[in-house]
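S.K.:
2 protein chains.
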Amino acid sequence: MSRYTFTEENYLKAIYFLSQDAEKGVSTNAISESLETKPSTVTEMLRRLREKGVLHYKKYQGAELTEEGEKVAISTVRKHRLWECFLVDKLNFGWEEVHDIAEQLEHIQSRQLTDRLEEFLGFPKYDPHGDPIPDKNGVFPHSSDLSLDNCKPGQTVKVRGVKDTSPEFLKYIAKLGIGLGDDIHILEIEDFDHSMMIAVHGKKLQLSSIACKNIFVQ
Amino acid sequence: MSRYTFTEENYLKAIYFLSQDAEKGVSTNAISESLETKPSTVTEMLRRLREKGVLHYKKYQGAELTEEGEKVAISTVRKHRLWECFLVDKLNFGWEEVHDIAEQLEHIQSRQLTDRLEEFLGFPKYDPHGDPIPDKNGVFPHSSDLSLDNCKPGQTVKVRGVKDTSPEFLKYIAKLGIGLGDDIHILEIEDFDHSMMIAVHGKKLQLSSIACKNIFVQ
DNA sequence: ATATAAATTTAGGTTTGCCTAAAAATTTAC
DNA sequence: GTAAATTTTTAGGCAAACCTAAATTTATAT
Ligand SMILES: [Mn+2]
Ligand SMILES: [Mn+2]
Ligand SMILES: [Mn+2]
Ligand SMILES: [Mn+2]
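Chains A and B, in that order, are what the protein sequence lines are.
Take the first sequence: its letter number 190 is residue 216 in my numbering, and every next letter is one higher.
Take the second sequence: its letter number 96 is residue 122 in my numbering, and every next letter is one higher.
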C-alpha cells in the first residue's frame with residue numbers, strides 16, 4: 027500500500043461505499059454525484075486509477091475496486107471514524123460537527139499515528155454515528171457486538187438485528203415501528219432505570235432497558 | 027484570513043522563519059533551499075502570493091510578509107506546535123518522531139479544532155522541543171533566548187529547548203541523557219575549541235561548542 | 001572598470017485535477 | 001426495431017505546483 031493523494035483516497039472511498047449497494051460495477055454518474063465532480067472528470071480519473079492497479083474498469087462498464095483499492099478505501103474509512111471519535115470523545119465536539127473536519131484528517135499519512143490514536147481512544151468499535159471502525163487489518167467488528175443499551179445520547183444507530191427472537195418481542199418492536207435497517211436516534215437515557223427516549227421515523231418513544239439490550243445496532 | 031493551500035502555508039511559514047535572521051527581504055534562493063524546490067518555482071510562487079496580498083515582492087529584491095501573511099504563518103506555526111504537543115503528550119511519540127506528522131497536521135483547516143486542541147492539552151506554552159506556541163491571537167509567550175554556549179563555568183542551568191530540531195541532533199542529546207527540564211551544571215570550558223565539560227544527572231560529559239550553541243537554557 | 005560568478009527571472013514543459021461542449025455508446029420508450 | 005433519452009467518453013482548456021535550460025540582473029574580484 028504505497029502512497030495515495032487526497033483525491034485518490036476520496037475516489038476510492040466513494041467507490042467503496044457505492045459498491046456496497048450496487049453489486050455491478052459502480053457507474054461514472056454515481057461517482058460523479060457522490061464527489062460533486064463532472065462525469066468527464068470521473069472518467070479520466072478512473073483511467074488513471076486503473077493504471078495504478080487499484081480498480082478494474084472497462085469503458086461504459088463501471089468500476090470495481092481491486093484488493094489493493096479496497097485496502098486503501100477501508101484504511102481511509104478507519105482513519106475517518108477514529109478521528110471522529112477523537113473529536114467527540116476528547117475535544118467535546120457534537121456528533122453533527124465532526125464530519126467535515128474528519129474529511130481532512132482522514133488523509134493524514136502515518137500508519138503509526140492511526141494505530142496510536144486508536145489505542146489512545148481505547149480501541150473504539152464504533153464511531154459517534156454508530157458506524158463500525160475497521161481494525162488495523164481492515165476487519166470490521168461484527169455488528170452483533172453492539173446492543174442499543176451500550177449507545178449514548180446523541181448517537182444515531184442502525185438496527186441490525188435482535189437478540190431475543192421470540193414472537194412476543196418481535197411483535198412488540200414492530201408495533202413501535204422499529205424494523206431492520208431503521209435509524210434510531212438516542213435522545214436521552216433515564217438514570218434510574220436506564221430506559222431510553224429515542225426517535226424512530228421522526229416519532230419519539232420510550233424503550234425499557236430490557237428492550238434495549240435485545241436490539242443489535244450498528 | 028481566508029483559506030490558503032497546503033503549499034501556500036508552507037511558503038509563508040518558511041518566509042516567516044527566514045525573515046527572523048535576515049532583516050532585508052528574504053531571498054529567492056533561501057526560500058528555495060528551505061522548501062527544497064527550484065528557485066524558478068519560488069519566483070513564480072512569489073508573484074502569485076503577492077497578488078494574494080500576503081507579501082511584498084519586487085523583482086530581485088526578495089520577499090517580506092504583509093500583516094496578513096504573517097498572521098497565516100504564525101497560525102500555521104501554532105497548529106504545528108500544538109499537534110507536536112498532542113503527539114508527544116497524548117500519543118506517546120518521542121520528540122524526535124513528531125515533526126513530519128505535524129508537517130501534515132498543521133494544514134488542517136478549522137479554527138475551532140485548533141482552539142479546542144489547545145484547551146485539551148492544557149494551553150501549553152512550549153512544544154516538545156521548547157519552541158514557544160503563539161496563542162489564538164498570534165502572541166508568543168516570552169521565551170529565553172539564552173543558549174548554553176553563553177553560560178559560564180560554575181553555573182547550573184535548566185534545558186528549555188533546542189535550536190537545531192533535526193532528528194540527528196535530538197537523537198544525539200537523547201543518547202547523552204539530556205532532555206527538556208534537565209539541570210546542566212557547567213564544570214569547565216576548553217579554551218581552544220570552546221567545548222564544555224558538564225554534569226547532567228550526576229554524569230560528567232563533554233559537549234562541543236556546536237552542540238552548546240543549539241541548546242537553549244534558562 | 002571590467003570580467004567572472006552567483007542569484008534571479010523567463011520561457012517552455014509536465015502532472016494532477018478540474019471544467020465545458022461535442023461525440024459516441026447504451027438504455028428506454030413506443 | 002427504431003427513435004429518443006440518458007449515460008459515458010472524447011476533445012480541448014485551465015490553474016496550481018513543480019521542473020530544466022536559457023536569459024538577465026546583481027554581486028564580487030581583480
Ligand atoms: Mn463522517
Ligand atoms: Mn475525504
Ligand atoms: Mn516541528
Ligand atoms: Mn508544512
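Virtual Cβ for every residue (Gly too), placed ideally from N, Cα, C.
Please read all numbers here as calculations on a predicted model, not as lab measurements.
Using 10 angstroms around the beta-carbon of aspartate 217(B), count the other beta-carbons present and answer buried if the total reaches 16, otherwise exposed.
M.R.: exposed
S.K.: Just reading off the alpha helix (DSSP H) that histidine 106(A) is part of, what are its end residues?
M.R.: 93 to 111
S.K.: Just jot down, in chain order, the residues whose CB lies closer than 5 Å to any heavy atom of ligand 2.
M.R.: Asn36(A) and Glu129(A)
S.K.: For histidine 125(B), verify whether its CB is less than 6 Å away from any heavy atom of ligand 3.
M.R.: yes
S.K.: Roughly how many angstroms lie between the CA atoms of cysteine 111(A) and glutamate 90(A), to the nearest whole one?
M.R.: The C-alpha of glutamate 90(A) is placed about 30 Å away from the C-alpha of cysteine 111(A).
S.K.: Sort out for me which residues DSSP pairs serine 66(A) with in a bridge.
M.R.: According to DSSP, serine 66(A) bridges with nothing at all.
S.K.: Report all residues from its chain with a CB closer than 6 Å to the CB of valine 103(B); omit the five preceding and five following residues, and keep chain order.
M.R.: none
S.K.: Let me confirm a value: methionine 222(B) is counted as buried when at least 16 other C-beta atoms fall within 10 Å, else exposed. Which label applies?
M.R.: buried
S.K.: Valine 114(A) by DSSP, collapsed to three states: which one?
M.R.: helix
S.K.: Could you work out which residues of chain B lie near asparagine 36(A), taking near to mean beta carbons separated by less than 7 Å?
M.R.: Here the premise fails: no neighbours, minimum Cβ distance about 15 Å.
S.K.: Quick one: list the residues of chain B neighbouring arginine 104(A), beta-carbon separation under 8 Å, in chain order.
M.R.: Here the premise fails: no neighbours, minimum Cβ distance about 16 Å.
S.K.: For phenylalanine 43(A), which of helix, strand or coil comes out of DSSP?
M.R.: helix
S.K.: Say yes only if the C-beta of glutamate 34(B) is nearer than 6 Å to one or more non-hydrogen atoms of ligand 4, and no if none qualify.
M.R.: no
S.K.: Which residue marks the beginning of the alpha helix (DSSP H) containing aspartate 123(A), and which one marks its end?
M.R.: The amino acid occupying residue 123(A) in the given sequence is glutamate; aspartate does not appear at that position. Note, glutamate 123(A): premise wrong, no alpha helix (DSSP H); not H, not E.
S.K.: Does the CB of serine 28(B) have a neighbour CB from chain A at under 7 Å?
M.R.: no
S.K.: Hey, would you say the C-beta of serine 132(B) is under 6 Å away from at least one heavy atom of ligand 4?
M.R.: Here residue 132(B) turns out to be glutamate, not serine, going by the sequence shown. Correct: glutamate 132(B) has its Cβ closer than 6 Å to ligand 4.
S.K.: With a threshold of 7 Å between beta-carbons, can leucine 147(A) be considered close to chain B, or not?
M.R.: Contact of leucine 147(A) with chain B is not assigned, every C-beta pair being separated by 7 Å or more.
S.K.: At a Cβ cut of 9 Å, what residues of the segment 58 to 71 of chain B count as close to chain A, listed as they run along the chain?
M.R.: none
S.K.: Look at the alpha carbon of proline 167(A) and the alpha carbon of proline 179(A), and state the distance between them as a whole number of angstroms.
M.R.: Approximately 21 Å, taken between the alpha carbons.
S.K.: The alpha helix (DSSP H) that contains tyrosine 198(B), what's its start and end?
M.R.: 193 to 202
S.K.: What does DSSP give as the partner residue(s) for aspartate 171(B) in the beta ladder?
M.R.: Paired residues: none, contrary to the question.
S.K.: In the DSSP output, what is threonine 54(A) paired with across the bridge?
M.R.: Per DSSP, none; premise fails for threonine 54(A).
S.K.: List the residues of chain B whose Cβ lies closer than 8 Å to the Cβ of asparagine 118(A), in chain order.
M.R.: Arg142
S.K.: Taking Cβ positions, are phenylalanine 32(A) and histidine 125(A) nearer each other than 7 Å?
M.R.: Inclusion of phenylalanine 32(A) and histidine 125(A) in the CB contact set at 7 Å is not warranted, their separation being larger than that value.
S.K.: Counting only the same chain and skipping the five closest in sequence on each side, list residues whose C-beta sits under 6 Å from that of serine 53(A).
M.R.: Gly88
S.K.: State the Cα-Cα distance for the pair cysteine 238(A) and isoleucine 224(A), rounded to the nearest angstrom.
M.R.: If you take the alpha carbons of cysteine 238(A) and isoleucine 224(A), they lie about 10 Å apart.
S.K.: Quick one: what's got a C-beta closer than 7 Å to proline 65(B)'s C-beta in the same chain, skipping five residues either side?
M.R.: Taking C-beta separations shorter than 7 Å and ignoring five residues to either side along the sequence, the partners of proline 65(B) in its chain run Thr54, Asn55 and Ser58, following chain order.
S.K.: Below 7 Å between beta carbons: does that hold for phenylalanine 242(B) and glycine 187(B)?
M.R.: yes
S.K.: For the alpha helix (DSSP H) containing alanine 48(B), list its first residue and its last residue.
M.R.: Element bounds for alanine 48(B): n/a, residue is neither H nor E.
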